Amino acid sequence: MEMKELIRNAFTERFGTPEGEFFASAGRINLIGEHTDYNEGFVFPGAIDKVIMAEIRPNGTDRVRVFSIDIDEYCEFGLREEDAPEQGWARYIFGVCREIIKRGGKVGGFDTVFAGNVPLGAGLSSSAALESCFAFALNELFNEGKIDKFELAKIGQSTEHNYCGVNCGIMDQFASVFGKKGSLIRLDCRDLSYEYFPFAPEHHRLVLIDSRVKHELKDSPYNKRRESCERVAKSLGVPSLRDVSLAELNAVKVTLSDEDYRRAKYVIEERDRVLTVCAALERGDYDEVGKMMYATHEGLSKDYEVSCEELDFLADTAKELGVTGSRIMGGGFGGCTINLVENDLYDKFVTEAVARFKQKYGHEPKVYDVIISDGARRVE
Ligand code: ADP
Ligand code: MG
1237 MEMKELIRNA
1247 FTERFGTPEG
1257 EFFASAGRIN
1267 LIGEHTDYNE
1277 GFVFPGAIDK
1287 VIMAEIRPNG
1297 TDRVRVFSID
1307 IDEYCEFGLR
1317 EEDAPEQGWA
1327 RYIFGVCREI
1337 IKRGGKVGGF
1347 DTVFAGNVPL
1357 GAGLSSSAAL
1367 ESCFAFALNE
1377 LFNEGKIDKF
1387 ELAKIGQSTE
1397 HNYCGVNCGI
1407 MDQFASVFGK
1417 KGSLIRLDCR
1427 DLSYEYFPFA
1437 PEHHRLVLID
1447 SRVKHELKDS
1457 PYNKRRESCE
1467 RVAKSLGVPS
1477 LRDVSLAELN
1487 AVKVTLSDED
1497 YRRAKYVIEE
1507 RDRVLTVCAA
1517 LERGDYDEVG
1527 KMMYATHEGL
1537 SKDYEVSCEE
1547 LDFLADTAKE
1557 LGVTGSRIMG
1567 GGFGGCTINL
1577 VENDLYDKFV
1587 TEAVARFKQK
1597 YGHEPKVYDV
1607 IISDGARRVE
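Counting with this note's numbering, you get residues 1237 to 1616 for the letters of the sequence shown.
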């Protein structure tokens, strides 16, 4: 059954008529630009054709009544701070309500049923899809669409921070809210300016291969990476690595530890790779995009050292099979590779990558094909 129909049936069964209105928002990928956000560089995400969809009807009370089809649970809560629900999934919706209210917006009670097909916890940001779906919808239903889109993204981000215990950046919610079919969005993490670039390949597809491993590492590797970057920026007398050229870095190489040097080199090269990819997309040069993806993988693996055996295996397999581009997507140490694959090679690559991975590591990776699609929206 189609998602919308499934939701409608569950909605009328639970809440009767009249019917509500439908809204959706999307998960996201990041084509390139990894570990750049905290260095004031660029990220380059886009919304995908995997969404959270909700039917919502204001109910004239101060209570929210919500049913999650996928989790098969019902939850009811009020809109005051002390009304926070227990269930983790419901806190995303409660948080969005609260963050709108904290900003002076209006939220009244409503009945809602929602479902989705963004895989949970796979690095495609199902949580941002959920937040953005409700932030967008509650803006339309209770605030006449007056809250601007950036604020909607920040409402989602603050929800993660204040109600879900996740200290995330803005990229996921930004991509989910601003996503546009056939476009990726370059977000400048220094000043949050952004620009759309075309991404609508005729001869290529994007596919994620999820290793389904997550290596838990001792002594907080993320913080150590950040500290390296900050140390190098400080020694160059700049606020971040954003404005440092490779030549400037090389000029002070002897004063840096080998590790700090390689960390900074990766960050500087990655900043430039995002710009190279944007220029390539404007010419429709997907081969160049793919080369940059491999270069990012190499940098993340050898210089930034946030890869792992399984992800290197997947990227190496892609290269060996002639895939256009492949790299780790996300922070590293597990999760997915994102692959840019020629249409003709797609079936062979997916079959081979899954089989070879399974043979080596004993379990099958998951495969998610993605198409760059619209973000938060009303569904007619
Ligand atoms: P991700 O990387 O997918 O964002 P998170 O752990 O940040 O992973 O968010 C996943 C959480 O979001 C789930 O545990 C659940 O609480 C909520 N969520 C996501 N998708 C759904 C869904 N379809 N139905 C209910 N809750 C969902
Ligand atoms: Mg998340």
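Glycine is no exception: its CB is placed at the ideal position from the N, C-alpha and C atoms.
Remember, it's a predicted structure, so these values are computed and weren't measured experimentally.
query: Excluding sequence positions up to five away, which residues of its chain have a Cβ less than 7 Å from the Cβ of H1533?; result: A1551, S1562, R1563 and I1564
query: Output the distance between the C-alpha atoms of L1442 and D1508, rounded to the nearest integer angstrom.; result: 22 Å
query: If we count the other Cβ atoms within 10 Å of its Cβ and call it buried at 16 or more, is K1501 buried or exposed?; result: buried
query: Take F1303 and list the residues in its own chain whose beta-carbon comes closer than 6 Å to its own, dropping the five residues that flank it on each side.; result: R1250, Y1310 and V1349
query: Taking 6 Å as the limit between beta carbons, can you name the residues of its chain near L1482, skipping five residues before and five after?; result: I1504
query: Beta strand (DSSP E) containing T1348: first to last residue?; result: F1346 to G1352
query: Alpha carbon to alpha carbon, how far is L1420 from I1608?; result: 8 Å
query: Any contact between the segment 1329-1344 and the segment 1357-1372? By contact I mean 3 or more CB pairs, one from each, below 8 Å.; result: yes
query: Identify, in the order they occur along the chain, each residue of the same chain with its Cβ nearer than 7 Å to the Cβ of V1474, setting aside the five sequence neighbours on each side.; result: V1480
query: Determine whether the beta carbon atoms of I1305 and A1260 lie at a separation below 7 Å.; result: no
query: Within 10 angstroms of the Cβ of D1347, are there 16 or more other Cβ atoms? Answer buried if so, exposed if not.; result: buried
query: Once DSSP output is grouped into helix, strand and coil, what is the label at M1239?; result: helix
query: Mind checking whether the beta-carbon of L1366 lies closer than 6 Å to any heavy atom of the ligand ADP?; result: yes
query: For V1603 and L1388, what's the separation of their Cα atoms in angstroms?; result: 30 Å
query: Can you tell me whether G1352 sits near the ligand ADP, meaning its C-beta is under 6 Å from at least one heavy atom of the ligand?; result: yes
query: Any heavy atom of the ligand MG within a distance shorter than 6 Å of the CB on S1464?; result: no
query: Where do the N-terminal and C-terminal ends of the alpha helix (DSSP H) with R1509 fall, by residue?; result: D1494 to E1518
query: Can the beta-carbon of G1568 be found closer than 7 Å to that of S1543?; result: yes
query: Could you give the C-beta distance for S1618 and I1288, rounded to a whole number, given that I count them as a contact under 8 Å?; result: The chain is shown from 1237 up to 1616; residue 1618 falls before or after that span and cannot be answered.
query: Between the segment 1268-1277 and the segment 1372-1391, are three or more C-beta pairs nearer than 8 Å?; result: no
query: Going by DSSP, what residue range makes up the alpha helix (DSSP H) through H1533?; result: Y1522 to E1534
query: Starting from A1283, follow the beta strand (DSSP E) in both directions and report where the run begins and ends.; result: P1281 to P1294
query: Just confirm the distance between the C-beta atoms of L1428 and M1407, as a whole number of angstroms; I'd bet it's less than 8 Å.; result: Contact flag wrong, Cβ pair sits at about 10 Å.
query: Might you give, ordered along the chain, the residues of its own chain that have their beta carbon closer than 7 Å to the beta carbon of M1529, omitting 5 neighbours on each side?; result: I1268, G1561, S1562, R1563 and L1576
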